[in-house]
Ligand SMILES: [Zn+2]
């Protein structure tokens, strides 16, 4: 491997437990961490699906006291975290469990920052700002997408400025992630589609980011292989537990890749689309991804990494010309977006062309843009948004 000479440090802070019905072990695992009073952070949809009750049953059977915060919301804000903190403080909890999609896990992590280190979420925007140890966290994802269960970042939106703050600290990572494919069966089709595309985008962006290293690249390739082959299956047969399991594992491995190599321009371009047009994260990232892949393909090392990604997932043959492999990758991503029912262009997602310069300016300021393999300026983002305005290939294999 050509990049082996690059020094790297890889931390796996989270113990992964994978298996159907593994949610029923949450009580026993919390006790292993020394829990007596736990806070369960979740959202109303997860309560309605019966997952919260099931987790509570396991926690009760293990003799634990439980406080519940069930008001996590999409793109959690500083206010949401403060509301969660009030419940945690009143119950004097010693362990936190995040049950749900990325939002529940982000809220749980945000609450952990404030409960153990004080202050406001804004104080932790950046890397390693928490001085004191944090409480043990168990993550129980119910979507196959964000990979938050394997990351030390809490993504919290500033209620006043609408800025999405990435608060990273190794202490915030979950001690244990319980990956139970059965929990992902309750996702509505639209959630399966958007979170699945997000997981695929994580694999693609981490595979070429500036911070990538041989081990993170291994996670990216394995995650891509698992997700690209399983994603059409979960869309067409949502009850296929085997395919759901592969997606869940792939999303977690993508999360591990992000933890070690960060993301790139598709995420940088997506965040302003979510803030200003309310486009769901996975859809926004997915719609930008094919043009970002073509843009990054001008970098020879990135083109090579894309070729490895493609050949690993049998989208392109080994030894395929890198240009051919690049086109095959971008084409496959477009097919998957079509399968997922994503609108064919930004124009059809409600974005106004006149808004592109402002979007591009914000995108260029996003933290993730700094990790893109090719430097990406405001003018480059204008071109990327323009490209996403053109209807993509309508081919569906
Ligand atoms: Zn993402």
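Numbering (the working numbering), first residue to last: 58 to 454.
We put the CB at the ideal spot given by N, CA and C, even for glycine.
Limits of the alpha helix (DSSP H) - the one that residue 72 falls within: In the DSSP assignment, residue 72 falls outside any alpha helix (DSSP H) and lies within the beta strand (DSSP E) extending over 72 to 75.
Note to self: Is the beta carbon of residue 431 closer than 7 Å to that of residue 380?
What the structure shows: No.
- Query: For the beta strand (DSSP E) that contains residue 201, what are its first and last residues?
  - Reply: Here residue 201 belongs to no beta strand (DSSP E), and DSSP marks it neither H nor E.
Proximity winner among 411, 233 and 97, relative to residue 207 (alpha-carbon distances) = Nearest option by C-alpha distance: 233.
Check: Taking all protein chains shown into account, do 16 or more other C-beta atoms lie within 10 angstroms of the C-beta of residue 434, making it buried, or fewer, making it exposed?
Finding: Within a 10 Å sphere around the beta-carbon of residue 434 sit fewer than 16 other beta-carbons, which makes this residue exposed.
Quiz item: Which residues in the same chain have their Cβ closer than 8 Å to the Cβ of residue 72, if we skip the five residues on either side of it in sequence?
Solution: Around residue 72: 232, 233 and 234.
> Helix or strand or just coil, what does DSSP make of residue 191?
Replying inline: When secondary structure is reduced to three states using DSSP, residue 191 falls in the coil class, being assigned neither helix nor strand.
Residue ranges of each alpha helix (DSSP H) within the segment 355 to 427, 4 or longer:
Those alpha helix (DSSP H) runs which fall completely within the segment 355 to 427 and span 4+ residues are 357 to 369, 379 to 396 and 413 to 422.
Exercise. Excluding the five sequence neighbours on either side, which residues of its own chain have a C-beta within less than 8 Å of the C-beta of residue 145, listed in chain order?
Worked result: 96, 124, 126, 153, 168 and 172.
### Query
Are residue 196 and residue 212 closer than 7 Å when you measure CB to CB?
Cβ atoms of residue 196 and residue 212: not closer than 7 Å.
CA-to-CA distance, residue 367 to residue 311, given in whole angstroms: Here the alpha carbons of residue 367 and residue 311 stand approximately 16 Å from one another.
### C-beta contact flag for residue 183 and residue 98 at 7 Å
No. Outside cutoff.
Practice task
Along the alpha helix (DSSP H) that carries residue 222, what are the first and last residues, could you check?
Solution key: Membership of residue 222 in any alpha helix (DSSP H) is not indicated; the residue belongs instead to the beta strand (DSSP E) covering 221 to 225.
- Message: Going by beta-carbon coordinates alone, are residue 391 and residue 329 separated by less than 7 Å?
- Response: Result no, Cβ atoms of residue 391 and residue 329 do not sit closer than 7 Å.
*Those residues which DSSP pairs with residue 152 across a bridge*: For residue 152, the pairing in a beta bridge is given by DSSP as 95.
Would you say the beta carbon of residue 342 comes nearer than 6 Å to a heavy atom of ligand 1? Within the chosen limit of 6 Å, ligand 1 reaches the beta carbon of residue 342 through at least one heavy atom.
By the DSSP assignment, the beta strand (DSSP E) with residue 122 in it spans what residues?
122 to 126 is the extent of the beta strand (DSSP E) around residue 122.
request  = Would you mind reading off the limits of the alpha helix (DSSP H) that contains residue 350?
outcome  = Residues 338 to 353.
Consult DSSP for residue 210 and reduce its assignment to one of helix, strand or coil.
Correct three-state label for residue 210: strand.
**Message:** Just to confirm, is the Cβ distance from residue 342 to residue 421 under 7 Å?
**Reply:** Against a cut-off of 7 Å, the Cβ pair of residue 421 and residue 342 comes out as no contact.
Q. Quick one: is the Cβ of residue 180 within less than 6 Å of any heavy atom of ligand 1?
A. At a cut-off of 6 Å, the beta-carbon of residue 180 does not count as near ligand 1: no heavy atom of the ligand is closer than that.
- [ ] Just mark residue 113 as buried or exposed, buried being the case when its beta carbon has 16 or more other beta carbons within 10 Å.
- [x] Classification for residue 113: buried.
* Measure the CB-CB distance between residue 277 and residue 264 and report whether it falls below 7 Å. => Yes, these two residues count as a Cβ contact at 7 Å.
Next item on the list: Leaving out five residues on either side along the sequence, give the residues of the same chain with a beta carbon under 7 Å from the beta carbon of residue 136.
Entry: Counting only residues of its own chain and dropping the five nearest sequence neighbours on each side, residue 136 has a CB closer than 7 Å to the CB of 216.
| Are the beta-carbon atoms of residue 292 and residue 396 separated by less than 7 Å? | With respect to the 7 Å criterion, residue 292 and residue 396 are classified as neighbours on the basis of their beta carbons.
**Request:** Using the Cα positions of residue 314 and residue 148, report the straight-line distance between them to the nearest angstrom.
**Result:** The straight-line gap from Cα to Cα measures roughly 35 Å.
State the Cα-Cα distance for the pair residue 350 and residue 306, rounded to the nearest angstrom.
-> Distance between the alpha carbons of residue 350 and residue 306: 24 Å.
**Request:** Measure the Cβ-Cβ separation of residue 373 and residue 382 and say whether it is below 7 Å.
**Result:** Yes, these two residues count as a Cβ contact at 7 Å.
Which value, in whole angstroms, describes the spacing of the CA atoms of residue 452 and residue 393? Because the pLDDT of residue 452 is 43, which lies under 50, any placement of that residue in the model is unreliable, and the number read from its coordinates should be weighed accordingly. Straight-line Cα distance between these residues: approximately 10 Å.
| Does DSSP classify residue 263 as helix, strand or coil? | When secondary structure is reduced to three states using DSSP, residue 263 falls in the helix class.
* Could you tell me the distance, in whole angstroms, from the CA atom of residue 444 to the CA atom of residue 179? => Approximately 35 Å between the Cα atoms of the pair.
Exercise. Return the chain-ordered ranges of every beta strand (DSSP E) run that is complete within the segment 292 to 334 and spans a minimum of 3 residues.
Key: Counting only runs of at least 3 residues, the segment 292 to 334 fully encloses no beta strand (DSSP E) element at all.
- Query: Out of curiosity, what's the CA-to-CA distance linking residue 399 and residue 446?
  - Reply: If I take the Cα positions, the gap works out to 13 Å.
Roughly how many angstroms lie between the CA atoms of residue 194 and residue 170, to the nearest whole one? Put simply, the backbone Cα of residue 194 is about 11 Å away from that of residue 170.
For residue 41, is the classification buried or exposed, using 16 other Cβ atoms within 10 angstroms of its Cβ as the cut-off for buried?
-> Residue 41 cannot be examined here, being either before or after the span of the chain that is shown, 58 to 454.
Chain-order list of residues whose beta-carbon lies under 6 Å from that of residue 166 (same chain, five-residue window excluded):
Counting only Cβ-Cβ distances below 6 Å, and skipping sequence neighbours, we find 211 and 229.
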